[in-house]
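Enquirer: So in this note's numbering, spot 640 of the sequence shown is number 702, and the numbers just go up one at a time. The structure under discussion is supplied below as C-alpha cells; questions concerning it will follow.
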Amino acid sequence: MHVCGRGVLAAALLLAAGAPARVAGRQPPRDCATPPLTRERVQACLADAADLTAHRDSAAVLRLLEPMLGAASIDGDLLPEAHYHVAMAYFRLTKYPLAIDHFERALDGERAAHDRRAEARTLRQFAQLRKSQGAYADGLALCDQALAIDGALGDVRETALTRVVVGAIRDSMGDHPRALESFRQAMPVLGDEQSPEGANLLNEIAITEKNLGNYDEALRFYHRCLDTLVKIKNTAGQVFPLLNLGVLYATVGEEERGLAYTLEALDLARRIGDRRAENILLLNSADTYALLGQTQRALDALQQALTLARELGGRSEEGETLKTLGDLNVSMGRLSAARRFYDEALRVQREIGEPRTQASTLVALADLAVRERHADDALGFAREASSLATASGRPELEWTAHRAVADAEAAGGRPADAIDELRAAARIINDLRANVTTDTSKIAFVDRRQAVFEKLATLLVASGRADEGLEAAEAGRARAFADLLAQRQIAGKPGDRTALEAVRQAQQDLRASSTRDAKAARDASGESIAVKRGETLDAHLGALREENRELASLLTAESPAATQIAATATRLDATIVEYLVTDRELLAWVIDPAGAIHAARTPATRARLESLTKTLRTTMDAAGETGFAHPEAVRRPLRDLQRLLIAPIVRWLPRSPGASLVLIPQGPLALVPFAALEDEAGRPLIQRYTLAIAPAASVYEHTHDKLRAAAGTARRVLIVADPAPPAAVSRLPWAREEGKLIASRFADTPVRLLVGGDATEAAVKREAGQYSLLHFATHGLVAPDRPLASSLLLASGAGEDGYLRVDEIFNMDLHAELVVLSGCSTGLGRLTGDGIIGLTRAFLYAGTPTVVVSQWDVSDRATAYLMERFYGALARGRPKAAALRAAELDTRRRYPHPALWAAFALVGEPR
C-alpha cells in the first residue's frame, strides 16, 4: 500500500490544502526569459510560480522558470526564490539530484541575503527530500538547522511546522515513539487549528499510530483530520485522509471497506484534477483488488496508473508501477509478460539512478529466473541486486538479496552456498533488533522474513543436519514473535519498565545509525557512533536480562540450541514433535526423552494443509453447538491429517499408552485438534498419548521457572463467568452454570466467583495476581491478522472498556499455576507464522506455566461437563495434561462427536 503523508506527499497535503484559489483570468507570463527582465516582470513570474507550486503543477513551474534562470540579468536577491520553486518541482517529479542542486543554490542565496525565514522554509523542504531518499540523519540535521532559525526568530508556528517534519522522519526510521513526541510538541500550536497545516499534523499522527498498531487511535486522528478539512471547506485536502483510511482498513483485513474509501478518494482526486494523488490511488486500488482476488480490475488500475505516471513525467512512479505489474503477472502465471514488465521497470530505474528500486526489481527477476529454471541467469540478477542493496545501506533490501542469491545457488545445485547465503540473511534480520516498519508490518511482511528461516531449515534437513535445521526453525519462531512484539508497545511488568524503556530508546538510536551514511559517522573522539550505540544497546539489554530474562530474550529473538531442546524433552520426560510448514513440504522433528533428534520430510504443501484444516474447522464449527454432522465429514480430514502429521514419524514415537507427547505446531497446524486425529483403526491420538501444545520449544526455557514460582502461591481460585458483554455480543447461556459447578469442586479452597456486571476488566486486572488458578468462561475475540490485539470479553466499568487485550495481559503480573480459557474460539492465533501466539502466549508470559484453551465454539453443556471432570481429576492429584486427557476421554463417551470433546488443548507445562 502506498501510504500518503510521507515524503513529497506529506508536503502535498499541506500545500494542496493551503493552495490559494487561482485568480480569475490571470495567466502565467508566456515568456519569462526574453530580455528585458525587469524586476517587476521577474516578481510577477515568481508570483505565478508560487501559485503553480501550491497547486503542484511541477511541469508548468519548470516551463516558467527554467528559461528565466538561464538569463544573466535577474536581480540576485530574486534568484533564491526561483531556485526554491524549481527545486520543489523536481522534488515532486522525484528527480532528486536536480532538486538537491536547486535547493542548495536557494540556500546559498538566502544565506547571502540573510533571509532567515526563507532559509528555514527551504531547509524544511530539503529535509523531506533527504527523508525520501532514506538519508534520515541528513534530514534530521537539516531540521535542526531550521529549528535553530525558527527559535532565533521566535516563530512558534514555523517551529511547529518543522517539528512535524522531524516526526515524519523519525516515523520513517521506525522510531515511532519519538515521532509521536515530535508531533505532540507541535500539537499546542497546530492541533486545534482549523487550517491545512493543522489537518496535516493530525494526518501524520494517525499514520504513526497506525505504524504502532494503535488502529483505533489512527482511525480517530484520520477522522479528526477529515473533519477539519470539511470545516474549512478544503475539498482538495480531503483526498489524503480518505486515501489513508483506505490503507488502514486494508491493513487490518477489511479490504472491502478500505476499497470503498480508496475509490471515494480516487473519485474526488479526479474531480479536483489532482493527478498525482490519482496516480497513488490507482496503485492502492490495484493492491486491494489483488488482495480481493479481482485480478482484472487490479490490472486495469495499474495500466491506468502507468499511463498517468508517464503523462506526469513521474519516472519513479512509472518504474514502481511497471514492477508491480510484473509482480501481478507472476501471481497469475504469466511469466513472459512479467519478464517484460520487470525489464522495462529496470530500464527506467537505471535511467533515474535509483539503486534501491533497481535492487528490488533485480530480486524479482532472479526469483522469476529460478521459477523458469534458469539458475545461472538468476544468480547474475541476484548478485547484482546484492551489490546494489549493500551500496544502498538498506538492511531489509540486503537480506532480501541474500535470500535471492540463496535460491539461485540452490537451484544451481549448490546447497552449501545457499545455506551460507541464508545464514547471512538471517544474521541481518536479527541485527534489525525486531525493527518492523511500514504498514505496521502486515502479516505478509513478517512472513517474508519467515521464509528465510524456512528455507534454511529445509536445506539443512535435506543435507542431513537435522539438529541445525531444528535450530533454524526455532530461530524463525523467535523472530516472528519478536516482530509481533515490536508492533505493539508492550509496557512490561512494573519492575521491568525502566529497563525496557532504556532498551527501546537504545534500539531506536541504533536504528538511526543503520543507513550507509550514518554507519560512517564518527563522534568527536573519532569513534564510530553506530558501534558505540550498539554497545549501549547491549549494555541496556544486559540490565533488562538481569530484571527479566524472558522479556530480553523475546525482544532479541533468542532461540534455544538443539541441545537445550533435547534437555527440555528429558526434563519433561516427553517426546517433543516440532513441525514446520513450507510451501513445498512439511518438516517434522522428533526429540525423544533420551535427547535423540530425528527429522522427517513429507510432501505436504502449505496449500494442502491449509485446505485440510479449513475443511476440518468448518465441520467442527458447524457441529460445535449440536454435535450433529455426518461422521465421515469429520473422520476423513482427521485421518488425512493423521497420515501427514503422525504416520511419517510414528516409528520414533513412544509405544507405552498415555506417554507424554509435546506438539509444537506452526502455521495452519495451530488450528489442528491433535487430540482427535484418528489412525486407521479409528483410535484418536488422545487415546494413545497424553498431549500438550507449545507455540515454540523456547517457551519451556521459562515455564519451568514459573511452575516453581506458582507453587509458592497460596491456593486460591478466581472464576470469571458470563460477564455482561457489549450489546452486540451474545451471552454464553451455560457459562454461569459452568462457573458454579467448578466452584463447587473447590470446597476446601477459597474461591471468588465473578459473574455478570461484577466480572469487570478492572476487577480482573486488580485481583488476578493474587490467585493460583484462573478460570474464564467468556468469549475470546481473536484478530487473525493482529494476534496481539486479540482479547477476552469482560464487563466494562471503572475506566475500562471490557476488552482485556493481549498487550494488556502481557503487562499483568500473574502467579497462577493454571489459566483456563473456556470461551468461544479463545485459542486461535493467526493462520500464518508463529501458530498459537494470541491469548495463550500472553498468559504464559504474564506468569502462568500452563494454559488450557478452547480452539472453537463449543456447546456450553459439553464444556461444562468436560470442565467439571477436568477439575475433578485435578482434585484427585492427576497432572494437568493427564487430567485433561481423562476429561476428554470421559466426555467422548458421552458426547462422541469430536467437535464436543476435542476442542480443548493444554499449552505449556503438562504437569
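Backbone N, C-alpha and C define an ideal beta-carbon position, used for all residues, glycine too. Keep in mind it's a predicted model, so treat the numbers as computed, not measured.
What's the gap between the Cα of Arg225 and the Cα of Phe188?
Expert: Your numbering for residue 225 matches position 163 in the sequence shown. Your numbering for residue 188 matches position 126 in the sequence shown. Roughly 14 Å between the two C-alpha positions.
Enquirer: Would you call His464 buried or exposed, if buried means 16 or more other Cβ atoms sit within 10 Å of its Cβ?
Expert: As a working note, residue 464 is residue 402 in the sequence shown. Buried, because 16 or more other Cβ atoms sit within 10 Å of the Cβ of His464.
Enquirer: For Asp767, count the other beta carbons within 10 Å of its own beta carbon; 16 or more makes it buried, fewer makes it exposed. Which is it?
Expert: Taking the first residue of the sequence shown as 1, we reach residue 767 at position 705. So Asp767 counts as exposed.
Enquirer: Give me the Cα-Cα distance between Pro655 and Ile627, rounded to the nearest whole angstrom.
Expert: Here the question's residue 655 lines up with position 593 in the sequence shown. Here the question's residue 627 lines up with position 565 in the sequence shown. Those two C-alpha atoms are separated by around 10 Å.
Enquirer: By the three-class DSSP mapping on this structure, what secondary structure does Trp651 have?
Expert: Working through the sequence shown from its first residue, we reach residue 651 at position 589. It is a strand residue.
Enquirer: By Cβ distance below 6 Å, which residues in the same chain neighbour Ala924 in space, the five residues on each side in sequence not counted?
Expert: Locating residue 924 in the sequence shown gives position 862, counting from the first residue. Correct list, in chain order: Tyr957, Leu962.
Enquirer: May I have a chain-ordered list of the alpha helix (DSSP H) segments no shorter than 4 residues that lie completely inside the segment 679–760?
Expert: Those alpha helix (DSSP H) runs which fall completely within the segment 679–760 and span 4+ residues are 693–707, 747–750.
Enquirer: If you draw a straight line from the C-alpha of Thr500 to the C-alpha of Ser234, how long is it?
Expert: To locate residue 500, count along the sequence shown from 1; it is residue 438. To locate residue 234, count along the sequence shown from 1; it is residue 172. Confidence at Thr500 is low in this model, with a pLDDT of 36, below 50, so the placement of that residue is unreliable and no value is reported for it.
Enquirer: Would you say the segment 289–304 touches the segment 254–263, given that touching needs at least three Cβ pairs under 8 Å?
Expert: A contact exists between the segment 289–304 and the segment 254–263.
Enquirer: Starting from Glu483, trace the alpha helix (DSSP H) in both directions and tell me its first and last residue.
Expert: In the sequence shown, counting from the first residue as 1, residue 483 sits at position 421. Run containing Glu483: 477–493, per the alpha helix (DSSP H) assignment.
Enquirer: From this set, Gly474, Ala513, Glu326, Ser621, which residue's C-alpha is nearest Ala431's C-alpha?
Expert: By one-based count along the sequence shown, residue 431 stands at place 369. It is Gly474.
Enquirer: So what's Val65 in DSSP terms, helix, strand or just coil?
Expert: Taking the first residue of the sequence shown as position 1, residue 65 is located at position 3. Model confidence at Val65 stands at a pLDDT of 47, short of 50, so the residue's coordinates are unreliable and nothing is read from them.
Enquirer: By DSSP, does Leu642 sit in helix, in strand, or in coil?
Expert: Mapped onto the sequence shown, residue 642 falls at position 580. In this structure, Leu642 counts as strand in the three-state DSSP scheme.
Enquirer: Could you tell me the boundaries of the alpha helix (DSSP H) in which Ser378 lies?
Expert: For the purposes of this step, residue 378 is taken as residue 316 along the sequence shown, with counting starting at 1. Segment 377–393, the alpha helix (DSSP H) holding Ser378.
Enquirer: Could you pull the start and end residues of the alpha helix (DSSP H) that Ser621 belongs to?
Expert: Counting from 1 along the sequence shown, the entry for residue 621 is found at position 559. That residue, Ser621, is in no alpha helix (DSSP H); it is neither H nor E in DSSP.
Enquirer: To the nearest angstrom, how far is the alpha carbon of Gly531 from that of Glu763?
Expert: For the purposes of this step, residue 531 is identified with residue 469 of the sequence shown, where counting begins at 1. For the purposes of this step, residue 763 is identified with residue 701 of the sequence shown, where counting begins at 1. Rounded to whole angstroms, Gly531 to Glu763 spans 19 Å at the Cα level.
Enquirer: Measuring CA to CA, which of Arg973, Asp139, Asp820, Arg705 is closest to Thr752?
Expert: Numbered from 1 along the sequence shown, position 690 holds the residue referred to as residue 752. Closest option to Thr752, Cα to Cα, is Arg973.
Enquirer: Among Tyr198, Ile267, Leu108, which residue has its Cα nearest to the Cα of Ser454?
Expert: Here residue 454 refers to the residue found at position 392 when the sequence shown is read from its first residue. Of the listed residues, the one whose Cα sits closest to Ser454 is Tyr198.
Enquirer: Taking 8 Å as the cut-off, does the segment 869–882 touch the segment 768–780 (at least 3 CB pairs, one atom from each stretch)?
Expert: At 8 Å Cβ cutoff, the stretches touch.
Enquirer: Can you look up Leu114 in the DSSP assignment and give me helix, strand or coil?
Expert: Position 52 of the sequence shown, counting from 1, holds the residue named residue 114. Three-state result, Leu114: helix.
Enquirer: Return the CA-CA distance between Gly970 and Ala758, expressed in angstroms with no decimal places.
Expert: As a working note, residue 970 is residue 908 in the sequence shown. As a working note, residue 758 is residue 696 in the sequence shown. In a straight line, the C-alpha of Gly970 is about 10 Å away from that of Ala758.
Enquirer: Going straight from the alpha carbon of Leu780 to that of Ala967, what length do you get?
Expert: Mapped onto the sequence shown, residue 780 falls at position 718. Mapped onto the sequence shown, residue 967 falls at position 905. Going from the Cα of Leu780 to the Cα of Ala967 covers about 20 Å.
Enquirer: Of the residues Glu271, Asp278, Ala339, Val914, which one's Cα is nearest the Cα of Leu304?
Expert: Position 242 of the sequence shown, counting from 1, holds the residue named residue 304. The shortest C-alpha separation from Leu304 is found at Ala339.
Enquirer: Using a 10 Å radius around the Cβ and a threshold of 16 neighbouring Cβ atoms, would you call Ser760 buried or exposed?
Expert: On the sequence shown, position 698 is the one that residue 760 refers to. With 16 or more other Cβ atoms within 10 Å, it is buried.
Enquirer: According to DSSP, is Asp784 helix, strand or coil?
Expert: Residue 784 sits at position 722 when you count from the first residue of the sequence shown. Residue state, collapsed to three classes: strand.
Enquirer: Going straight from the alpha carbon of Ala540 to that of Gln207, what length do you get?
Expert: Locating residue 540 in the sequence shown gives position 478, counting from the first residue. Locating residue 207 in the sequence shown gives position 145, counting from the first residue. Roughly 42 Å between the two C-alpha positions.
Enquirer: In the structure shown, what three-state DSSP assignment does Ile334 receive?
Expert: As a working note, residue 334 is residue 272 in the sequence shown. Note: Ile334 maps to helix in three-state DSSP.
Enquirer: Can you tell me where the beta strand (DSSP E) holding Ser916 begins and where it ends?
Expert: As a working mapping, residue 916 is identified with position 854 in the sequence shown. First-last of the beta strand (DSSP E) with Ser916: 912–916.
Enquirer: Please tell me whether Arg807 and Ala935 are closer than 7 Å, where the distance is taken between their beta carbons.
Expert: For the purposes of this step, residue 807 is taken as the residue at position 745 of the sequence shown. For the purposes of this step, residue 935 is taken as the residue at position 873 of the sequence shown. It is not a contact, given that the beta carbons lie outside the stated cut-off.
Enquirer: By Cβ distance below 6 Å, which residues in the same chain neighbour Leu928 in space, the five residues on each side in sequence not counted?
Expert: Sequence index remark: in the sequence shown, residue 928 carries index 866 (1-based). Ala949, Thr953, listed in sequence order.
Enquirer: Does the segment 809–823 touch the segment 741–748, meaning 3 or more C-beta pairs lie closer than 8 Å?
Expert: No: fewer than three Cβ pairs fall under 8 Å.
Enquirer: With which residues is Ala661 paired in a DSSP beta bridge?
Expert: As a position in the sequence shown, residue 661 is number 599, starting the count at 1. Trp651, per the DSSP bridge assignment.
Enquirer: For Ala78, which three-state DSSP category applies?
Expert: Taking the sequence shown and counting its residues from 1, the one referred to as residue 78 is at position 16. Caution applies to Ala78, whose pLDDT of 42 falls short of 50 and renders its modelled position unreliable; the value that the coordinates give is listed next. Looking at Ala78 - three-state DSSP - the assignment turns out to be helix.
Enquirer: Between the C-alpha atoms of Glu317 and Val712, what's the straight-line distance to the nearest angstrom?
Expert: What you label residue 317 is simply residue 255 of the sequence shown in a count that begins at 1. What you label residue 712 is simply residue 650 of the sequence shown in a count that begins at 1. Spanning the two alpha carbons is a distance of roughly 43 Å.
Enquirer: Is Ser916 buried or exposed, if buried means 16 or more other CB atoms sit within 10 Å of its CB?
Expert: On the sequence shown, residue 916 is found 854 positions in, with the first residue counted as 1. Flag for Ser916 reads buried.
Enquirer: Can you tell me which of the three DSSP states Gly299 falls into?
Expert: By 1-based counting over the sequence shown, the position of residue 299 is 237. Residue state, collapsed to three classes: helix.
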